[in-house]
Amino acid sequence: MKIVIHANHFSGNADSITININKYVGKMLAAGDEVYLLTRKKAHFTQEKLKNQNDFTGLKIIRVNRTDSTIGTLIYFSKLLKKIKKINPDFILEIELCGIGYLAKKFLNIPYIVYGRGEDVFLGGKCIKIIKKIILKKCSKFIALSNYMKKYVARQFKFTNTDVIPNGIVLNDFIEPYKPQKHSLIYVGTIRKSKNVDKIVEALPVILKEFPDTTLNIVGSGREGEDKHVREIVKELKLESVVKFTGRLAHKQAIKEMKRSEIFVLATTHTEGCSNVILEAITAGPTVICTPWHGNDELIKDRINGLLLNSVNPKEIAQKIVYLFKNPKKMKEMQKFNKEYQKKFDIENVSDKLRNLYKSTFGDQ
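Per my numbering, residue 167 is the first one in the sequence shown, and the count goes up by one each step.
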């Protein structure tokens, strides 16, 4: 089959979109498909880099300029349509709900599948939601990252032709042994208000009363104001010797930091599709404490493979952490469960699910 993948946000870094697309493409090429990736030119990515990361060739990457304005977006879509017309694919896989598949269907009669990611599905005002409903109405299939997203799409957009395929994890990236430091906490991700990193920091004084050797490693960066806010709380609470800010790390280094930690904490109220960082924590080894936000409770089953927060109140966060520190056997039980559970998210299996889906939707042409 001849396939066009459109990914508006495709950085070439080890983010969930790039990791999953790379593996999807590998499966497609191995099956004899002809695959084109259309993406923004500002996404710094090269054919050689892709080859080095995934050890396969044959993907045709087409980069198109786009400026962040209404006119720039219209020009971008116009250029994409010209590229798609020239390629004449059997179908388009649209990563994130953006509309290029709808335009290709309307003007070129090319079918499309939409793979929702998170913000592209959940965010937007009334007008944007009307546009999304129109886009979904014409797509051959919608892929949701979670059952929560599937139910939201059915309720909000009256669209039910949806399959659930979560993010995948490259298990070989986690083969180093898990050797945590005692009473060590870690947060990995962007520092922004909706991630509530400040609430984790504010939980520390309560934890330190019972476990004075507790440490918190904050891996990631954010906008200057939000990053500064968390640092100011650390200084105000005199926790400079307890909290370490590493900044943003390379993917492999971030995994190493997880493997040195006993507990991973994610007190997010941010719009999540399928939290890749939770999957990484499950696979790396630390016990997960997180909010049940937007499908997180589909990844973490309370007291089975982690703990769920009822709120982002620092007192509750502290209570959950203290409970685990006092019950190391419970942590080991959860970690043992996750060693088997992580296989469900093996990128190889997830990629097979995607290929089976488009074969059943469009046939094996």
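All residues carry an ideal CB built from backbone N, CA and C; glycine is no exception.
Check	Outcome
Could you compute how far the alpha carbon of A320 sits from the alpha carbon of V409?	43 Å
Would you kindly work out how many angstroms separate the C-alpha atoms of L216 and H417, rounded to a whole number?	Caution is warranted here: a pLDDT of 46 is assigned to L216, below 50, making its placement in the model unreliable, and no coordinate value can be reported.
What first and last residue would you give for the beta strand (DSSP E) that runs through G238?	Element bounds for G238: not the beta strand (DSSP E) but the alpha helix (DSSP H), T236 to I253.
Could you work out which residue in E398, Y268 and G472 is closest to N504 when comparing CA atoms only?	G472
Which first and last residues belong to the alpha helix (DSSP H) in which C123 is found?	There is no way to answer for residue 123, as the model of the chain reaches only from 167 to 531.
Which value, in whole angstroms, describes the spacing of the CA atoms of F511 and I335?	6 Å
Cα separation between N220 and L405?	Confidence at N220 is low in this model, with a pLDDT of 44, below 50, so the placement of that residue is unreliable and no value is reported for it.
Please determine, among E200, I187 and A484, the residue with the shortest C-alpha to C-alpha distance to E376.	A484
List the endpoints of the continuous alpha helix (DSSP H) containing L533.	The displayed coordinates of the chain run from 167 to 531. Any statement about residue 533 would go beyond what the structure contains.
Flag this pair as yes or no: are the beta carbons of G391 and R414 separated by less than 8 Å?	no
Taking 8 Å as the threshold (C-beta atoms), are E402 and M424 in contact?	no
Classify T326: buried if its beta carbon has 16 or more other beta carbons within 10 angstroms, exposed otherwise.	exposed
Taking only runs of the beta strand (DSSP E) that begin and end inside the region 418-497, which ones reach a length of at least 3 residues, in chain order?	429-432, 453-456 and 472-474
Here's the rule: buried if 16 or more other CB atoms are within 10 angstroms of the residue's CB, otherwise exposed. What is K298?	buried
First and last residue of the alpha helix (DSSP H) that includes L286?	Checking the sequence, you will find Asp at residue 286 rather than Leu. It spans E285 to F288 - the alpha helix (DSSP H) in which D286 sits, taken as one unbroken run.
With 16 other CB atoms within 10 Å as the buried threshold, where does G451 fall?	buried
Under the assumption that Y314 contacts H436 (Cβ atoms under 8 Å), give the Cβ distance between them as a whole number of angstroms.	Wrong, their Cβ atoms sit about 14 Å apart, outside the cutoff.
Report yes or no: do the region 511-531 and the region 183-195 share at least 3 C-beta pairs separated by less than 8 Å?	yes
State the DSSP-derived secondary structure class of T356, mapped to helix, strand or coil.	coil
Out of D364, K422, G388 and P378, which one is the CA nearest neighbour of V400?	D364
Which residues does DSSP pair with A310 in a beta bridge?	V330
Leaving out the 5 sequence neighbours to the left and right, which residues in its chain are closer than 6 Å to Y344 when beta-carbon positions are compared?	K425 and G451
Could you check if G282 is buried or exposed, using at least 16 other CB atoms within 10 Å of its CB as the buried criterion?	buried
Tell me whether T205 sits in a helix, a strand or coil according to DSSP, three-state version.	strand
Less than 8 Å between the beta carbons of V431 and I384, yes or no?	no
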